[in-house]
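Student: Just passing along the structure, written as structure tokens.
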Amino acid sequence: MTRPHATTPSPSPAPRAARTTTALLVLPAALAAVLALAGCGGRATTHHKPGTSHQEATGSSGTLLPARDEGGRRLRELPTADAPTVRAEARPDSEGGWNVHLTVERFRFTPESTGGAALPGRGHARLLVDGRETARLYGPWAYVPAGARTLTVRLHADDHTVWAVAGAPVQTTVRLNGRPSSTSTPAPSAPTPSTSAPSAGARPTGLRPPDTGRTVTLTVTGTTVSPPPSRIEVKKGERLTLRVTSDRADTLHVHGYDRELPLSPGTPATLTLTTDRTGLFEVETHESGLLLTQLVVR
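In my numbering, the protein residues as written are 1225 to 1522.
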């Protein structure tokens, strides 16, 4: 009698299906991990405009101060050694008005990154004519129409904050003396010789008046100083006259020179000094404690 041979049962299909199910469950998790590592999942996390680096969009420098300028922009303080500087020169234009040229140090104009972060040595300038902001500047040249009396140039960071040193904006103010004419003025004719002696007290014609130095005019109304506090750069030995009008009784004080001058309400007061000391000197009022300007003597 022939005994049937024993057969080994074939593998059940269930384990293969289980392996397939396990692989399908693992694949989405692995794909999600790869997308998370690549930063491709969900909404983009960078908000700066194309072509702007992450540092340009998120970096910052200096210390934000509570103080703000007339437009409500915060002051951003830097150490003197790192802070930019600005000087302005105004020249009459042949068709009226003034051509203004800026000289900056430790600073460059960066219109391409305006609205980005505050990085050292970058930004733009703003022009204030007679204490009112009139333009934003992205280069060293500007034009100011005729009729203006004072021009202040203030440096801003790319995030529109104001670069500052010692609690004061980095800026310069120039006085636009007289009104530039659109027509040329003929040269004065030569004086006629005279044999008679000049009368007492008369100034001989044809002679230039003595150099009276530089005059800075400031007006204090409440807690507002016009033009706004800035840095006035003068040379050592230069004569400087401060003409201040306040709406209240106070005392003008020039630190470092120990010069004081009483102020009467509504009456212009004049203080003249020779800048024989170099350095940074603050000019303020004693009673109200207002900073009027800063003198930089080089």
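For glycine and all other residues, C-beta sits at the position ideal for the given N, C-alpha and C. Just so it is clear, the structure is predicted and the values come from calculations on it, not from any experiment.
(1) Does the distance from the CB of L1464 to the CB of L1442 come in under 8 angstroms?
(2) Are R1300 and A1388 closer than 8 angstroms when you measure CB to CB?
(3) Taking 8 angstroms as the cut-off, decide whether the C-beta atoms of L1476 and L1495 are in contact.
(4) By DSSP, does E1511 sit in helix, in strand, or in coil?
(5) Using a Cβ-Cβ cutoff of less than 8 angstroms, which residues in the same chain neighbour D1293 once the five nearest sequence positions on both sides are dropped?
(6) When you compare only the Cα positions, how much space is there between R1399 and V1449?
(7) For A1366, count neighbouring Cβ atoms within 10 angstroms of its own Cβ and tell me buried if that reaches 16, exposed if not.
(8) Considering only the beta carbon of each residue, do P1344 and D1383 sit closer than 8 angstroms?
(9) Identify the continuous beta strand (DSSP E) that holds K1290 and give its terminal residues.
(10) Quick check: the Cα distance between R1315 and H1325, rounded to an integer number of angstroms?
(11) If you draw a straight line from the C-alpha of E1336 to the C-alpha of E1508, how long is it?
(12) Ordered along the chain, which non-local residues of its own chain (more than five positions away) have a Cβ less than 8 angstroms from that of S1454?
(13) By the three-class DSSP mapping on this structure, what secondary structure does E1457 have?
(14) Just the C-alpha distance for R1311 and G1490, rounded to the nearest angstrom, thanks.
(15) Under the rule that 16 or more other beta-carbon atoms within 10 Å means buried, what is D1195, buried or exposed?
(16) With a cut-off of 8 angstroms on the beta carbons, I'd call V1458 and T1499 a contact; round off their distance for me.
(17) What does the alpha-carbon distance come out to for the pair A1414 and N1323?
Tutor: With the given structure in hand:
(1) no
(2) yes
(3) yes
(4) coil
(5) Cβ within range, chain order: L1299, R1378, V1386, P1393 and P1452.
(6) Going from the Cα of R1399 to the Cα of V1449 covers about 16 angstroms.
(7) buried
(8) no
(9) In the sequence as displayed, the identity of residue 1290 is Pro instead of Lys. That run of the beta strand (DSSP E) goes T1287 to R1292.
(10) 8 angstroms
(11) 39 angstroms
(12) T1376, R1378, A1392, P1393, Q1395, T1396, T1397, T1517 and Q1518
(13) strand
(14) 32 angstroms
(15) There is no way to answer for residue 1195, as the model of the chain reaches only from 1225 to 1522.
(16) 5 angstroms
(17) Only weak support is given to the placement of A1414: the predicted model assigns it a pLDDT of 41, under 50, and the value that follows is read from those uncertain coordinates. Approximately 31 angstroms, taken between the alpha carbons.
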